[in-house]
Amino acid sequence: MTIGQFLKAEDGKVTSVKVLDQYYEKFFQVDRWKELYDSYTELRARIWDTCPIYVGLYEDQRNMPTFGNGILLLGDASGLDAAAIADGVPAAWFSAEIAAQTAVEALKAGDTSASFLSRYGQRLLEHPLITALMTDPHRRDLAKAAKSGSEAELHRRVNQGWGIRVMGRLALPVIRAVLKELRKDPRILTDWLNMFGRYCRFYA
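In the working numbering, each residue's number is its place in the sequence shown (first place is 1) plus 45.
Written as structure tokens, this is what we have:
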């Protein structure tokens, strides 16, 4: 499991490992995460600067690998930041499922090499919703606005990307992704409803 978090200090830099360790400790004080993971989870590694929020602005990080020897990156940590809709949760959900499937296959095969895990990167590219989010032209517009340094331009680009335009870009990929999951397990609809309920309560 990867826990991703954007941290910012008053001076604009986060250099203390202590800050990350404190965040990790508090994460597992939440009852739900403690129940699900705390009994068998340990901190194995700290990864700094995996991606900025506007990852599309940086060519090297936009094209960085999502896998390596014994490691899979998912969600924001893998560059699936979905900056165009200001929400990386859907891409994180789907990439987590793909990562879990790949990890199970790797453990069964006894092979956690980057070569074996490369199938994870390919599966991300084949997922309809993830592909739609990552190739969204509005994402590139946000990158240009961020590079310009103009806050007004950035706000204008953000406003342009919402409303009916979001539905126009993402409606079909969302429908395809939903139908694919429902065909595999119709009962997942109940899980989704419960999940969205928890999501809304968390942000209420």
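Backbone N, C-alpha and C fix where the C-beta goes; we use that ideal spot for every residue, glycine too. Keep in mind it's a predicted model, so treat the numbers as computed, not measured.
For the stretch 181 to 243, the continuous alpha helix (DSSP H) assignments of 4+ residues that do not extend past its boundaries occur at 182 to 193, 196 to 205 and 209 to 229, in sequence order. Assignment of leucine 174 by DSSP, reduced to helix, strand and coil, places it in the helix class. Residue pairing by DSSP places leucine 169 in no beta bridge whatsoever. In this structure, leucine 162 and alanine 151 form a Cβ contact; the two beta carbons are roughly 6 Å apart against a cut-off of 8 Å. When DSSP states are grouped into helix, strand and coil, leucine 162 belongs to the helix group.
In the structure shown, leucine 119 adopts coil according to DSSP, grouped into three states. Nearest C-alpha to isoleucine 220 among Leu125, Ile143 and Ile175: Ile175. Counting along the chain, the unbroken alpha helix (DSSP H) around valine 149 starts and ends at 134 to 154.
Fewer than three beta-carbon pairs drawn from the stretch 184 to 191 and the stretch 225 to 238 are found closer than 8 Å, and the two stretches are therefore not classed as touching. For phenylalanine 72, the secondary structure class from DSSP, reduced to helix, strand or coil, is helix. The criterion of a C-beta distance shorter than 8 Å is not satisfied by alanine 188 and leucine 199. When Lys71, Leu117, Ala137 and Asp66 are compared, the shortest CA-CA separation from serine 158 is found for Leu117. When only Cα atoms are considered, arginine 232 and leucine 125 end up about 27 Å apart. Excluding five sequence positions before and after tryptophan 78, the CB atoms of its chain that fall closer than 8 Å to its own CB belong to Phe72, given in chain order.
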